[in-house]
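**Student:**
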Amino acid sequence: MPPELAAKIAELEKAVLAAPDKAALWTSLGNLYFDTGQARKAASAYERSLALAPDDPDVLTDLGIMHRELGEFEKAVADFRRASTVNPRHENAMFNEGVVLYYDLKRQK
0 MPPELAAKIA ELEKAVLAAP DKAALWTSLG NLYFDTGQAR KAASAYERSL ALAPDDPDVL
60 TDLGIMHREL GEFEKAVADF RRASTVNPRH ENAMFNEGVV LYYDLKRQK
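Going by numbering that gives the first Met the number 0, the first residue of the sequence shown is number 0, and it counts up by one from there.
(1) Check whether the stretch 22-36 touches the stretch 0-12, taking contact to mean three or more Cβ pairs, one atom from each stretch, closer than 8 Å.
(2) Candidates 87, 97, 51 and 56: which alpha carbon is nearest residue 137's?
(3) Got a sec? Which residues, its chain only, sit under 8 Å from residue 4 by beta carbon, not counting five neighbours each side?
(4) So the candidates are 49, 51, 37 and 72; which of them puts its Cα closest to the Cα of residue 0?
(5) Using three-state DSSP, classify residue 12 as helix, strand or coil.
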C-alpha cells in the first residue's frame, strides 16, 4: 500500500476514535479500506456509518459490494435492496443486485 494511503487511513482511524458519532468519518474510512482491498474492515466501517445514518443508499451499496467480496451474497442482496428502497433510482444498487443474483447465487445452486 502506498505510504500516503496508509497515512490517510491512520489519520481517519484516529478521527473516528475522537468522534465516533460522525457517520461521514466512518464512511470515509470505509471508502479507504474499500479502495485498499480491506473488505472486512470496510464492511465494519460502513456498518458503523449506517448505525448513525441508516438511510444512505451509497453506503448501503458499498456495504453490499463488500459483502459480495466476502462471499456473503445474501447479505449483499439485502444491502442492495435496502439501498433501492431508500432510493428507487439508485442504478448502482440495482446493477450490483443483478450481478449477485445472476452470477453469484445462480452458481451456488
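Virtual Cβ for every residue (Gly too), placed ideally from N, Cα, C. None of the values given here were measured: they were computed from a predicted structure.
**Tutor:** Based on what the coordinates show:
(1) yes
(2) Because the chain here runs from 0 to 108, residue 137 falls outside it and cannot be looked at.
(3) Cβ contact annotation for residue 4 (same chain, cutoff 8 Å, sequence separation greater than five): 31, 34 and 35, in chain order.
(4) The residue with the shortest Cα to Cα distance from residue 0 is 37.
(5) DSSP places residue 12 in the helix class (H, G or I) of the three-state scheme.
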